[in-house]
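Following my numbering, the numbering of the sequence shown begins with 1 at its first residue and continues without gaps.
In this text, a Cβ means the ideal position worked out from N, Cα and C, and glycines have one as well.
The structure presented is a predicted model; accordingly, all values stated were derived computationally and were not measured.
Data block below; observations after.
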Amino acid sequence: MDTAVIGQEILATCERLARHSDDTDALTVAYLSKAHRAVAAELRDAMEAAGMTVTVDAIGNVVGRLACGRPGAHTLATGSHFDTVRNGGRFDGRLGIVLPIALARHLHERGETLPFDLEVIAFAEEEGLRFASTFLGSSGLVGRFDASVLERTDAAGVRMRDAMLAAGLDPDGIGALRRDPARMLGYYEVHIEQGPVLLEAGEPLAVVTSIAGGLRYQCTVTGVAGHAGTVPMAMRHDAGTAAAEMVLALESCCLADASGTLVGTAGRFEVVRGATNVIPGECRFTIDLRAAHDGLRDRAFDEVLAACRAIAERRGVRFACERTMQVPATPCTPAWVDALADAVASLGLPARRMLSGAGHDAMMMGREMPVAMLFVRCGNGGVSHSPLETMTAGDAGLAAAATLAFWRRLAH
Ligand code: HGY
Ligand code: MN
Ligand code: MN
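What follows is the structure, given as structure tokens:
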């Protein structure tokens with residue numbers, strides 16, 4: 001396999017898919033938007049061109065299948081998500097879909113079959129941008145779809161259920177999507193590292209040992225709105241400054257962690273009906289808190305929650321929070337980690353093993369089957385969830401070669 005050629009093909013496809021966006025000046029592809037449907041259609045075409053039979057399931061996942069022709073063969077699932085964050089990058093998720101499609105096409109054109117069926121899954125939603133419903137696509141395949149999210153509404157007040165029906169999908173058919181673990185070999189995902197480790201080490205690939213567990217909360221601080229010029233400072237119950245102090249408490253808690261794996265941020269922070277000359281009466285912010293181990297993460301959250309409540313008490317404001325996501329830390333399957341490291345080493349490359357601070361669909365699939373993940377070097381200092389996200393065709397080609405070597409190891 002000419003890794004330079006397949007690497008260029010993979011990058012060109014990711015660039016092409018990035019033409020579709022909900023925003024004119026940034027890459028944003030939210031679940032079931034017009035751009036999202038356009039990307040799904042292009043992925044469907046690419047899967048068909050690779051010789052796969054393609055279906056779009058009840059959630060909108062685009063699933064390509066390359067059968068091996070052996071009765072009763074198991075299935076290896078691979079893939080990633082094709083939705084993005086707001087103002088996201090061209091490779092987050094997409095690389096993990098486009099690379100296996102290119103490999104499937106390579107195998108199909110050469111008439112090479114593996115002793116298992118190959119299923120490339122383009123998950124319709126992982127980031128949770130539109131409905132705060134992360135891992136939507138993969139949750140349905142492992143029987144963990146939370147039907148209550150169907151009632152969630154987006155910023156325009158559209159219910160997820162209605163958005164799905166309008167896109168011709170079948171919210172009530174999601175339960176039937178669950179894969180029978182006994183029929184599955186497992187799930188494998190290629191993803192950009194989304195950090196600087198490989199770039200600083202000068203290495204193209206790494207094998208993921210474990211994926212950090214995540215907690216997400218929507219928080220609301222309610223104070224007293226007032227005239228910015230007339231209310232004496234000592235009489236204010238400013239929801240904005242209270243929320244700001246709470247976010248700083250979140251940051252301090254994470255900075256104090258000796259393990260270095262506890263991370264947290266408030267990615268959304270808004271004054272509700274705010275105005276320059278009005279003391280904030282209500283402020284909403286989000287918490288995203290992660291760690292390599294769930295106990296560390298949960299203890300940290302309890303500490304942050306206590307701090308928020310103490311700040312609210314002292315400032316005379318009300319604090320409320322609602323959990324919107326909790327995913328446990330997910331170890332990758334040791335035998336698969338070893339086989340993938342061996343496949344990377346067989347290319348004459350260092351096979352670094354590392355934690356993933358980012359969450360991935362492998363966390364969800366790993367609830368029911370063996371999982372492994374391959375990280376690919378990120379350029380631009382490792383930046384991701386940003387239009388500056390970048391990678392090279394050379395590294396994409398090496399990732400394809402390592403993937404094929406891994407699949408062949410699984411075959412044996
Ligand atoms: O947030 C994450 O780690 C992933 O990008 N959904
Ligand atoms: Mn992401
Ligand atoms: Mn991702």
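DSSP on residue i, reduced to helix/strand/coil?
{"i": "Q218", "result": "strand"}
{"i": "P387", "result": "coil"}
{"i": "V337", "result": "helix"}
{"i": "I101", "result": "helix"}
{"i": "I59", "result": "coil"}
{"i": "E368", "result": "coil"}
{"i": "H36", "result": "helix"}
{"i": "A212", "result": "coil"}
{"i": "Q8", "result": "helix"}
{"i": "E322", "result": "strand"}
{"i": "P196", "result": "coil"}
{"i": "D288", "result": "strand"}
{"i": "D146", "result": "coil"}
{"i": "V29", "result": "coil"}
{"i": "S138", "result": "helix"}
{"i": "H360", "result": "coil"}
{"i": "T421", "result": "Outside the modelled stretch of the chain, which goes from 1 to 412, sits residue 421, for which no answer is possible."}
{"i": "L118", "result": "strand"}
{"i": "F406", "result": "helix"}
{"i": "A77", "result": "strand"}
{"i": "M52", "result": "coil"}
{"i": "P331", "result": "strand"}
{"i": "R70", "result": "coil"}
{"i": "A206", "result": "strand"}
{"i": "G128", "result": "coil"}
{"i": "G111", "result": "coil"}
Could you check the C-alpha separation between residue i and residue j for me, to the nearest Å?
{"i": "E419", "j": "A239", "result": "There is no way to answer for residue 419, as the model of the chain reaches only from 1 to 412."}
{"i": "M391", "j": "I6", "result": "14 Å"}
{"i": "E270", "j": "E282", "result": "9 Å"}
{"i": "S210", "j": "A228", "result": "49 Å"}
{"i": "A102", "j": "A163", "result": "31 Å"}
{"i": "A26", "j": "S386", "result": "9 Å"}
{"i": "R44", "j": "E251", "result": "42 Å"}
{"i": "T55", "j": "R309", "result": "49 Å"}
{"i": "I97", "j": "R144", "result": "22 Å"}
{"i": "G195", "j": "A291", "result": "15 Å"}
{"i": "A166", "j": "A345", "result": "48 Å"}
{"i": "A300", "j": "V221", "result": "20 Å"}
{"i": "V208", "j": "P232", "result": "55 Å"}
{"i": "G175", "j": "F135", "result": "15 Å"}
{"i": "G397", "j": "G137", "result": "27 Å"}
{"i": "G223", "j": "V158", "result": "29 Å"}
{"i": "L76", "j": "G60", "result": "20 Å"}
{"i": "P334", "j": "A312", "result": "45 Å"}
{"i": "G186", "j": "M369", "result": "5 Å"}
Relative to the C-alpha of residue i, which candidate in the options has its C-alpha closest?
{"i": "A132", "options": "H237, H106, E322", "result": "E322"}
{"i": "G79", "options": "A362, G394, G168, R273", "result": "A362"}
{"i": "L205", "options": "A50, L340, G359", "result": "L340"}
{"i": "R314", "options": "A401, A38, A49, A242", "result": "A242"}
{"i": "R268", "options": "C68, D180, T286, P280", "result": "T286"}
{"i": "A411", "options": "G359, L118, E109", "result": "L118"}
{"i": "A400", "options": "E389, S384, M373, A167", "result": "M373"}
{"i": "S148", "options": "A393, L185, R353, T324", "result": "T324"}
{"i": "F319", "options": "A345, G173, C219", "result": "C219"}
{"i": "D22", "options": "R152, A405, A35", "result": "A35"}
{"i": "L305", "options": "G397, T24, E245, P328", "result": "E245"}
{"i": "R70", "options": "H106, G379, F116, G64", "result": "F116"}
{"i": "H413", "options": "D257, R159, G226, R37", "result": "Nothing about residue 413 can be reported from this structure: the residues present for the chain run from 1 to 412 only."}
{"i": "A104", "options": "L129, E203, M1, I279", "result": "M1"}
{"i": "P331", "options": "F301, V371, S139, A343", "result": "V371"}
{"i": "R414", "options": "V278, S33, C378, L199", "result": "The structure shown does not extend to residue 414, since the chain is modelled only from 1 to 412, so the question has no answer here."}
{"i": "Q418", "options": "S139, L177, D172", "result": "With the chain represented from 1 up to 412, any question about residue 418 goes unanswered, as that position is not in the structure."}
{"i": "S259", "options": "L355, C378, L129, M365", "result": "L355"}
{"i": "V337", "options": "G316, I311, F375, G348", "result": "F375"}
{"i": "A67", "options": "G223, L107, R179, G89", "result": "L107"}
{"i": "A225", "options": "G316, N380, E189", "result": "G316"}
{"i": "V29", "options": "Q8, A40, D83, G72", "result": "D83"}
{"i": "A18", "options": "E389, R353, H293", "result": "E389"}
{"i": "R284", "options": "A275, A266, G89", "result": "A266"}
Would you grab the beta carbon distance between residue i and residue j for me? Rounded to a whole angstrom, and I think it's under 8 Å.
{"i": "G382", "j": "V263", "result": "G382 to V263, Cβ: 14 Å. No contact."}
{"i": "L114", "j": "W407", "result": "6 Å"}
{"i": "V120", "j": "M184", "result": "Actually they are not in contact, since the Cβ atoms of V120 and M184 sit about 14 Å apart, beyond 8 Å."}
{"i": "E126", "j": "H74", "result": "25 Å between Cβ atoms; not a contact."}
{"i": "F91", "j": "C14", "result": "6 Å"}
{"i": "G213", "j": "R297", "result": "6 Å"}
{"i": "L347", "j": "A405", "result": "7 Å"}
I'd like to know whether the C-beta of residue i is nearer than 7 Å to at least one C-beta of chain C.
{"i": "L398", "result": "Given the protein chain composition of this structure (a single chain), no chain C is represented."}
Looking at ligand 4, does it come within less than 6 Å of residue i, judged from the CB to the closest heavy atom?
{"i": "G359", "result": "No copy of ligand 4 appears in this structure; the ligands present are ligand 1, ligand 2 and ligand 3."}
> Considering only residues of the segment 241-282, which uninterrupted beta strand (DSSP E) runs meet the minimum length of 3 residues and lie entirely inside it, listed in chain order?
Replying inline: 263-265, 269-271
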